[in-house]
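The block underneath contains the structure these notes are about, expressed in structure tokens.
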Amino acid sequence: MSSSADTKSSRSTFFRHRCGDRINLEGIVTIVACSHCVEKRLECRMLSLSLRCGNCCRDGVATCLPAHIPIPDFSGINRALEKLEAQENAVEAQMLADDEAAEVSVIEAQRVATAARERSRAARAKLSRLRKQRKLLKRKEQEIFDEGRIEAEELERLEELEGFNQEIASANPNAPIGAHVVDWSFGA
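Heads up, the sequence shown is in our numbering, so the first residue is 6 and it goes up one at a time.
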């Protein structure tokens with residue numbers, strides 16, 4: 006193979022490995038492992054960015070199917086919801102405490118209320134900024150993932166076409182030099 010084919014292959018392999026590593030790092034362990042992970046005795050992790058688990062993405066496995074489909078277990082979701090509810094309750098309690106502190110006495114209340122409102126306003130502004138930052142990061146992450154996936158798919162198609170061209174050239178050794186190169190772009 007030529008060095009450009011090696012570069013394309015290594016780029017697509019590198020991309021698959023990076024995406025697989027990202028999914029394995031950020032993803033959650035699946036309730037049911039896919040057949041590839043069961044066969045290789047690997048931990049199966051998924052991320053909303055991909056339909057394949059991290060190991061299938063990394064190893065270039067085309068389809069990531071569960072080994073078997075169990076009865077749904079929502080205990081993990083229930084724990085996460087309980088944790089979020091506790092956090093929401095804590096924030097609401099703090100906001101209520103700050104609001105109640107604002108009504109203590111006329112002179113003291115003005116001072117306490119001003120400080121409490123400032124903290125509450127600052128907390129709301131910070132929460133809004135953090136949510137915007139998270140949204141932007143998630144959008145950027147999806148864009149990077151999608152662009153890389155498209156590039157990797159294009160590289161894989163080019164590699165397939167290059168292999169097909171080489172098969173054509175080897176099937177007809179009497180063909181003129183360069184005849185094995187076929188322009189698959191169809192005028193694009």
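Don't be surprised by glycine CBs; every beta carbon is placed ideally from N, CA and C.
Rounded Cβ spacing between Ala38 and Cys49 (contact assumed at less than 8 Å): Between Ala38 and Cys49 the beta-carbon gap is near 4 Å, inside 8 Å, which marks them as a contact.
Per DSSP, the bridge partner or partners of Val34: Arg50.
Glu161 vs Leu54 beta-carbon contact at 8 Å: Contact flag unset, no.
Where Leu52 falls, given that 16 or more other Cβ within 10 Å makes a residue buried: Here Leu52 is buried: its Cβ has 16 or more other Cβ atoms, across all protein chains shown, within 10 Å.
Pick from Asn83, Ala174, Glu152, Arg124 that is closest to Ser17, judged by C-alpha positions: Closest in alpha carbon position to Ser17, among Asn83, Ala174, Glu152, Arg124, is Glu152.
Residue environment, Met6, which counts as buried when at least 16 other CB atoms sit within 10 Å: Bear in mind that a pLDDT of 47 at Met6, under 50, signals an unreliable position, so the model cannot answer this.
Cα-Cα separation between Leu57 and Glu165, rounded to whole angstroms: Contrary to the premise, residue 57 reads as Arg rather than Leu in this sequence. Rounded to the nearest whole angstrom, the C-alpha separation of Arg57 and Glu165 is 22 Å.
Limits of the alpha helix (DSSP H) - the one that Asp78 falls within: No alpha helix (DSSP H) contains Asp78, which DSSP labels as neither H nor E.
Between the CA atoms of Arg139 and Asp104 - distance to the nearest angstrom: For Asp104 and Arg139, the distance between alpha carbons rounds to 28 Å.
Anticipated Cβ contact below 8 Å, Cys62 with Ile28, distance rounded: Indeed, because the Cβ distance is near 6 Å, the residues count as touching under 8 Å.
Nearest candidate by alpha-carbon position, reference Ile82, set Cys42, Leu47, Glu159, Ile36: If we check each option's Cα against that of Ile82, Ile36 comes out closest.
Integer Cβ distance of Arg126 from Gly65, believed to fall under 8 Å: The pair is not a contact, with the Cβ atoms about 52 Å apart (cut-off 8 Å).
Alpha carbon of Asn177 to alpha carbon of Val43, nearest angstrom: Roughly 45 Å between the two C-alpha positions.
Among Ala128, Ala174, Glu156, Ser175, the one whose alpha carbon lies nearest that of Ser15: Answer by Cα proximity: Glu156.
Beta-carbon spacing of His41, Asn60 below 8 Å: Inclusion of His41 and Asn60 in the CB contact set at 8 Å is warranted, their separation being smaller than that value.
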